[in-house]
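Take the sequence shown: its letter number 283 is residue 284 in this note's numbering, and every next letter is one higher. Have a look at the structure below before the remarks.
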Amino acid sequence: MTHPEQTYLPADTEQGSDIAVTEQKFQQLDLQGIGLQPSDFQEVLTAHKELSDINHNAVAEYGKNIASKTSSYTDELLNLVQNKDLDATGQKLNQVVQVAQQLNTSSILNKSKSSGFFGSILSKFKGAKQSFDQHFNTTKEQIDALVKEIESSQNGLKARVSTLDKMFDGVQDEYKQLGIYVAAGKIKEQEIQQQIAVLTGQEQDQSTTQKIYDLNHLSNNLEKRVSDLQVLQQSAMQTLPMIRIIQSNNLMLVDKFYAIKNITLPAWKNQISLAISLQEQKNSVQLANTIDDATNDLLKRNADLLHQNSVDTARANQRSVIDIETLEHVQNTLIKTVNDVIQIQKEGMQKRDEAAGRLRILQDNLNHLVLESSSNSSKPN
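Structure (structure tokens):
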């Protein structure tokens, strides 16, 4: 048997008139589907030369560099999606929102619960305004610090937009290069099939049969490699809108920050100033209502607890040690268990009988195939 690495195609198939034939095959391809133009023929011809001395190693390595470059672009894109700068900016914006949420004036009232309800009423009422003023000062400092940090992150986001533009151009180039290798590979597939057809029309001997076998194997491997390159080309095409989406997200995040800085934060500060005065009016009413609510809640809870305890005690005293439903469930389960075990045993015996019959059929089929193969092998070529 000839070694599978042996080369059967001549090395000068792209010389002279063969170039015109190759160009004709190129024009017959679906150029638009693989992102090429008729003017790309020379580049396809160059890629085609890589397969002039075709063997299994050449097929395995075909287009490897292009695939590696595309993979590196995809990895870089994924790294950018999870980039620390983007994540940090989102966290800072979330912190601004959390700071605003903490400005709920009711939080001042809730802070003194741990010191005792009635004992804290007077001190809380007297110190409410002072505590709220201190809370506002701390919040203002937090917001100002967060704004400075986000401004630094925005510069990084805007710089990423230009980096993504370069990546977009690079992926476009990789998309075209993959199309060139796909076209060259498809042309080579046609040439191999033509050579197989020529050999098939000749008088068949052991050498010719082996050449046809090896060429078919090469053709199948090349077809699989070209298919892989087409998949990578589609992946590159999908990467392009991903880049644009990330760019758009960056710009929207920058715009959102400007809106927060120039519109939202000034509005917060104005409303906080008004809330200081409103809080003083609200405190006295809240304190009185809280006392009344606590008293009513205590009386209701005690009455409800007395009722629940009395009912539960009476029910517990009247209940049997073992419920009749429990005994019925135990007996029914025992009966079902015995019946299920018997049924499973019957099904197992039936399946084993069926399996034995199917094994005999498989053995007969295999014997028939071996006999038929031996008969064909004994025929002269």
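Cβ coordinates follow ideal geometry from the N, Cα and C atoms, glycine included.
Mapping the DSSP letters down to three states, classify Glu323 as helix, strand or coil. Just to set this straight, residue 323 is Ile in the shown sequence, not Glu. Shown here, Ile323 sits in coil according to DSSP, grouped into three states, outside any helix or strand.
8 Å Cβ shell around Asn111 - same chain, five flanking residues per side excluded: Since pLDDT at Asn111 reaches only 46, below the 50 mark, its modelled position is unreliable, and no value is offered.
Under a three-way DSSP split, which group does Ser53 fall into? Correct three-state label for Ser53: coil.
In three-state terms, what does DSSP make of Leu300? In the structure shown, Leu300 sits in a helix (DSSP, three-state: H, G or I).
Please classify Leu307: does DSSP put it in a helix, a strand, or coil? Three-state result, Leu307: helix.
Beta carbon of Arg245, beta carbon of Tyr63: below 8 Å? No, they are not a contact pair.
Restricting to Cα atoms, I'd like to know which of Ile277, Ala198, Asp256, Gln195 is closest to Asn156. Considering only alpha carbons, the answer is Asp256.
Look at the alpha carbon of Gln173 and the alpha carbon of Gln143, and state the distance between them as a whole number of angstroms. One C-alpha to the other measures close to 45 Å.
Alpha carbon of Asp298 to alpha carbon of Ala289, nearest angstrom: Straight-line spacing of the CA atoms in Asp298 and Ala289 works out to 14 Å.
Inspect the beta-carbon positions of Gly34 and Tyr176 and report whether they are closer than 8 Å. Cβ atoms of Gly34 and Tyr176: not closer than 8 Å.
The alpha helix (DSSP H) that contains Gln33, what's its start and end? First-last for Gln33: undefined, no H or E at that position.
Residue range of the alpha helix (DSSP H) that Tyr63 falls in? Careful: Tyr63 lies outside any alpha helix (DSSP H) and carries neither H nor E.
Give a yes or no on whether the C-beta atoms belonging to Leu230 and Val183 are separated by under 8 Å. Note that the C-beta distance between Leu230 and Val183 is below 8 Å.
How is the alpha helix (DSSP H) around Ser228 delimited, first residue to last? Run containing Ser228: 207-260, per the alpha helix (DSSP H) assignment.
With burial defined as no fewer than 16 other Cβ atoms inside 10 Å of the residue's Cβ, what is the status of Val371: buried or exposed? Label assigned to Val371: exposed.
Pick out whichever of Asn58, Asp145, His369 has its Cα sitting closest to the Cα of Trp269. Trp269 has its Cα closest to that of Asp145, out of Asn58, Asp145, His369.
Supposed close pair Leu367, Lys187 - CB separation, criterion 8 Å: Taking C-beta atoms under 8 Å as the contact rule, Leu367 and Lys187 fail to qualify, at a distance of about 39 Å.
Closest to Glu192 by C-alpha separation, out of Leu279, Ser376, Phe27, Ser228, would be which residue? The shortest C-alpha to C-alpha distance from Glu192 to any of Leu279, Ser376, Phe27, Ser228 is the one to Phe27.
Given Asn42, which residues of its chain have a CB within under 6 Å of its CB, disregarding the five upstream and five downstream residues? For the record, residue 42 in the displayed sequence is Phe; it is not Asn. Excluding sequence neighbours, Phe42 sits near Glu24, Phe27.
One question on the structure: do Leu179 and Ile67 come within less than 8 Å of each other, judged by their Cβ atoms? Yes, the Cβ-Cβ distance between Leu179 and Ile67 is below 8 Å.
In the structure shown, what three-state DSSP assignment does Glu204 receive? Look at Glu204 here: in three-state DSSP terms it is coil, with no helix or strand label.
Buried or exposed: where does Ile261 fall if 16 or more other Cβ atoms within 10 Å of its Cβ makes it buried? Ile261 is buried by the Cβ-count criterion.
C-alpha gap between Gln282 and Tyr259, whole angstroms: Cα to Cα, Gln282 sits roughly 35 Å from Tyr259.
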